[in-house]
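Worksheet: the structure to be examined is printed underneath.
Written out as structure tokens, the structure reads:
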């Protein structure tokens with residue numbers, strides 16, 4: 441049904457939009473990316489992978505990691521505890537906004553996909569130390585992707601650790617209001633490592649496939665996370681997955697997806713397949729401009745919207 | 441599969457929550473409702489209707505009308521024109537908030553389900569006069585429900601017209617920013633009539649069924665609205681359908697639905713059936729507290745979430 | 441002490457800044473003003489008037505009228521009633537902002553100098569009809585200025601009445617929250633006439649003199665308003681007199697003053713004299729850019745700051 | 441003119457309001473204060489001190505220190521540099537609000553009396569190390585008060601350092617936007633020591649006297665700060681001195697004053713005398729409820745308002 445030739449044609453079309461985007465440059469490691477890069481992989485439950493573009497490129501997860509950390513924490517702590525600290529509502533505000541935390545009482549991040557909420561989620565990753573908590577998360581990522589070689593970029597983690605003043609501001613605000621109670625520097629250490637986990641778009645597609653299959657790895661039949669956890673994650677991917685462009689994304693594309701400022705996108709077409717994309721040219725909301733266009737072309741052509 | 445007995449049992453369970461809710465009382469006509477009322481109808485594409493509670497009660501559409509007006513206007517004006525005036529993003533703010541209109545530039549309602557956006561949508565209903573525009577909307581509603589006797593409550597329309605100061609405030613704000621350009625009193629006349637259209641929960645369920653069937657009336661095979669229009673409406677029902685509780689609703693229930701302060705809920709289970717509910721006891725966000733509980737019981741029992 | 445020659449020199453200096461300003465153009469009548477106009481009058485308690493520039497120009501009061509209406513309403517209703525409906529706090533928001541009304545509970549305009557507060561004040565002007573209330577205000581203005589020929593510009597009043605959508609939005613918001621309860625169109629009629637009262641900068645200076653003399657007309661020895669009313673008005677002129685530039689104005693100039701978008705400024709140097717200025721080139725906050733510069737030169741040269 | 445007997449009577453009257461207030465309790469050291477304490481000193485330029493209540497009580501400066509640090513920094517850096525980093529506008533928001541920093545572009549604290557602005561000011565205190573900068577500030581305080589024994593409470597400084605999460609949040613937000621660039625922990629060390637400087641209300645009154653005398657110590661005739669610096673500080677004391685109650689304070693009392701959550705108030709009656717007050721029962725905005733009442737009684741009785 442889906443052919444590599446078709447996919448390559450979509451990639452060419454979507455690449456035209458690279459000129460309207462801009463590579464993230466708040467840390468040098470991200471700024472070096474080529475805005476014209478665009479690669480995609482579709483991972484099918486029968487093991488077939490259809491791809492286009494240079495799929496050997498590695499991309500750091502950045503905000504994509506939020507959805508994986510959420511899945512882990514829902515298993516670690518249970519729905520009830522997680523949603524006592526983080527809300528479920530989408531927001532029209534940018535992902536790094538702090539204003540709403542102050543306006544809404546009690547101070548509770550509106551959802552786990554904005555930075556404040558993601559920090560609260562990472563805070564809840566179980567483990568005796570940052571090292572142990574990160575190791576647990578990394579093992580979970582490797583298992584989801586079926587790739588034990590996945591690791592994180594020390595350069596990216598280090599750069600982000602040194603410049604993440606706004607995230608520290610959010611952490612202290614959350615600490616003031618009792619949402620988190622650990623040492624902020626330790627949490628920042630864990631969070632920046634989490635964001636710096638890197639993989640190819642094929643790995644991303646494989647993780648997307650697990651979500652698409654309700655948390656079940658179709659190759660081992662192992663349930664990697666309870667069905668309810670997979671469902672909750674996919675719901676957030678629809679309502680808040682691509683920052684404050686999520687509403688438009690739901691209307692135009694309608695596929696559960698999570699993006700990151702590195703230009704990566706992880707998407708899950710329920711019951712059918714996973715998608716991984718890497719296109720570092722970003723739009724003004726922080727989503728891959730070529731990646732979003734590519735997803736739109738695929739969704740429209742094959743009627744993939746869940747709505 | 442679904443029996444009346446089961447449904448009656450769910451209704452009994454959900455009714456227990458009526459005590460935590462409160463009937464809307466900003467106009468006398470709504471304040472007279474009995475908070476313990478709760479009725480539901482499930483309309484199947486084979487023509488079967490399963491119901492529970494007193495389904496002869498009539499309920500005014502209130503905010504439920506927003507989704508029907510949106511469908512009409514998308515046909516009247518096309519996607520492009522509609523979304524030039526109204527956004528697609530969910531918001532963490534209450535449905536009647538004006539602050540965001542001022543903060544976000546240009547002043548454009550974030551989505552068509554908050555009052556500001558709904559007023560802009562009603563403004564776009566085509567027709568030479570308020571009378572003609574309302575007649576077109578009413579005919580559309582009757583056709584969707586397959587019920588030519590549906591009309592509106594003059595008492596409710598009149599009461600709301602006299603007290604809708606906040607909606608007038610929103611209208612003038614939109615007029616200042618060029619989103620609407622008609623006479624505000626005329627728009628209020630049209631909008632309050634639209635909100636006062638009344639029907640039973642069986643009618644609601646039948647309209648929900650049309651959305652569930654991608655815009656097609658299963659009994660006549662007539663496409664009442666293009667598939668894309670039905671899809672867009674269902675998407676908004678998920679991302680913004682129950683005010684600023686939409687995110688939680690998506691997580692816990694996951695069925696496209698639109699609520700109104702009269703206590704009505706219209707829901708569409710894609711490809712399967714429509715649901716109409718009437719339960720006038722409201723929670724603090726303005727949704728039927730018993731109706732939401734009822735939907736949750738049904739969704740969990742039958743795994744109806746689209747996620 | 442102050443000579444006409446000196447004043448003319450200050451005017452020349454201040455005029456250099458006209459190029460950085462812009463004449464208000466939301467209604468044609470204001471847009472016709474020449475941005476290079478700049479006139480000033482200083483009215484002394486001994487009856488001497490020192491002036492510079494073309495003082496025959498007439499200027500509509502616009503927001504300057506807010507301070508005069510406040511004085512009248514404090515006499516009509518008393519401090520307690522007035523401040524039950526309007527607050528006393530300065531705000532960092534623009535004069536026409538509506539967001540704060542929503543955020544702060546209960547919805548009460550922060551102060552009588554922002555539009556929302558001024559509308560609530562005008563609402564409180566006593567009288568059986570709009571005509572009678574306006575007549576009372578106009579007589580008060582004439583008495584303060586010692587000029588029975590002062591009237592209002594029907595052209596300006598009419599233009600503003602037709603385009604004041606944002607003020608209507610504020611009015612309906614206030615009506616929703618019970619701050620005002622009269623017909624909005626009537627209040628707009630009264631308010632736009634109030635704003636359209638016009639006079640020369642000599643008249644403005646004479647009114648400023650009355651405030652400077654604690655409410656007493658030095659030529660008749662008549663107390664035009666109680667000392668406390670004059671004091672309250674001067675306090676607001678310092679804390680909120682020039683929109684959200686009031687803090688900077690207090691630091692740099694330190695003279696109680698009220699500006700309007702027509703380019704007028706009324707100032708009161710306590711115990712010494714009144715100042716009237718007309719310079720229609722506005723800065724980005726809506727204050728006369730040349731007028732503010734002129735006041736700064738005078739204040740610094742003669743050490744007129746009250747601080 | 442002012443007698444101790446009169447003052448004692450005012451203190452008795454004002455004490456009645458203690459029951460409506462609440463002692464600050466976010467750190468144990470402040471929570472131990474007796475809400476019924478109330479002491480006042482009036483320091484005259486002839487060296488006379490009139491007092492009432494137990495004036496041996498020591499009070500930590502808390503926010504009162506903001507005005508003294510501002511004076512020092514205006515001398516250290518000059519007006520231009522200071523106001524490039526901090527604005528001059530009062531705000532209707534609480535003193536510890538972060539939302540406005542995000543909404544207003546560029547991110548610059550609205551004024552030096554809210555916490556964000558005060559942190560930026562303390563950041564600008566000149567010196568090679570925290571120790572040297574604190575020593576310079578402390579020497580300045582001692583000089584202003586003519587009391588070389590003044591020091592700071594290590595217990596209070598330590599407690600605040602350990603719990604100041606919200607101030608750290610503000611600091612990192614400012615650091616993200618380039619307003620401050622030093623290590624946040626160092627700045628917090630300096631800021632919490634600054635807030636913990638403690639003195640009696642007689643010391644406070646003596647410092648108030650220096651401001652009242654335009655920066656000149658009447659006993660040594662030494663100009664402790666340039667006249668312009670004293671004027672700027674007094675202006676902020678009027679427009680933003682008592683948090684978001686400043687507007688009401690200006691209307692009702694009209695004396696330049698700065699309060700702190702310890703219950704201290706420093707006031708300066710221009711050209712006449714300084715006032716120091718200690719009354720730890722706070723109102724809901726964080727000002728001494730009895731102290732404010734006491735100032736109001738004195739201002740009304742002796743017509744001390746500058747307006």
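Residue numbers (this note's numbering), protein chains in the order written: chain G, 441 to 747; chain S, 441 to 747; chain C, 441 to 747; chain Z, 441 to 747.
The C-beta atom is built at its ideal place from N, Cα and C for all residues, glycine as well.
A quick note: this is a predicted structure, and the numbers were derived from the prediction, not measured.
In the pairwise beta carbon analysis, the region 476–488 of chain C is classified as not touching the region 697–717 of chain G: fewer than three pairs are separated by under 8 angstroms. Here residue 706 (chain G) carries a strand assignment [DSSP, helix/strand/coil]. If you ignore the 5 residues before and after residue 489 (chain Z), its C-beta comes within less than 8 angstroms of the C-beta of 481, 482, 483, 642, 645, all in its own chain and listed in chain order. Counting only runs of at least 3 residues, the region 593–681 of chain C fully encloses the following beta strand (DSSP E) elements, listed from N- to C-terminal order: 637–639. Three or more beta-carbon pairs drawn from the region 555–572 of chain S and the region 491–510 of chain S are found closer than 8 angstroms, and the two stretches are therefore classed as touching. Judged by DSSP in its simplified three-state form, residue 739 (chain G) adopts helix. Cβ contact annotation for residue 722 (chain C) (same chain, cutoff 8 angstroms, sequence separation greater than five): 461, 462, 463, 464, 701, 703, 728, 729, in chain order. Taking the beta carbon of residue 606 (chain S) as reference, the chain C residues within 8 angstroms of it are 612, 613, 616, listed in sequence order.
If you check the CB distance, residue 576 (chain Z) and residue 566 (chain Z) come in under 8 angstroms. Collapsing the DSSP output to three states places residue 559 (chain C) in a helix. Within 10 angstroms of the beta-carbon of residue 456 (chain Z) lie fewer than 16 other beta-carbons, which makes it exposed. Residues 665, 666, 669 of the same chain have their beta carbon placed closer than 8 angstroms to that of residue 515 (chain S), with the five preceding and five following residues left out of the count. Secondary-structure assignment with DSSP links residue 500 (chain G) through a beta bridge to G:638. For residue 570 (chain Z), the enclosing alpha helix (DSSP H) has its first and last residue at 570–585.
Going by beta carbons, residue 726 (chain C) and residue 705 (chain C) fall outside the 8 angstroms limit. If you compare the alpha carbons of C:693, C:662, C:697, C:684 with that of residue 677 (chain C), the shortest gap goes to C:697. Closest option to residue 708 (chain S), judged by alpha-carbon separation, among G:747, G:534, G:639, G:536: G:747.
For residue 619 (chain C), no Cβ of chain S is located within less than 8 angstroms of the residue's own Cβ.
Residue pairing for residue 689 (chain S): DSSP places it in no beta bridge. When Cβ-Cβ separations below 8 angstroms define contact, residue 539 (chain S) makes contact with chain C.
Scanning chain Z for C-beta atoms nearer than 8 angstroms to the C-beta of residue 543 (chain G) yields 539, reported in chain order. DSSP places residue 714 (chain G) in no alpha helix (DSSP H) but in the uninterrupted beta strand (DSSP E) bounded by 713–718. By the 16-neighbour rule on beta-carbons within 10 angstroms, residue 661 (chain G) is exposed.
Its chain contains 582 as the residues whose beta carbon lies nearer than 8 angstroms to that of residue 588 (chain C), once the 5 sequence neighbours on both sides are disregarded; these appear in chain order. Counting only Cβ-Cβ distances below 9 angstroms, residue 550 (chain S) has contacts in chain G at 532, 687, in chain order.
Under the DSSP definition of a beta bridge, residue 457 (chain Z) lacks any partner. Under the 8 angstroms criterion on CB atoms, residue 609 (chain C) is classed as interfacial with respect to chain S.
Looking at the DSSP output, residue 725 (chain G) shares a beta bridge with no other residue. For residue 698 (chain S), the enclosing beta strand (DSSP E) begins and ends at 697–699. When secondary structure is reduced to three states using DSSP, residue 462 (chain S) falls in the strand class. Within the DSSP bridge table, the entry for residue 491 (chain S) names S:481 as partners. Taking each of S:699, S:612, S:694 in turn and checking the Cα distance to residue 681 (chain S), the smallest one comes out for S:699. Interface annotation, residue 536 (chain Z): not in contact with chain C, CB-CB separation never under 8 angstroms.
If you look at residue 527 (chain S), you'll find it isn't in any alpha helix (DSSP H); DSSP assigns it neither H nor E.
Residue 591 (chain S) is bridged by DSSP to S:638. Per the coordinates, the alpha-carbon of residue 443 (chain C) lies some 22 angstroms from the alpha-carbon of residue 653 (chain C).
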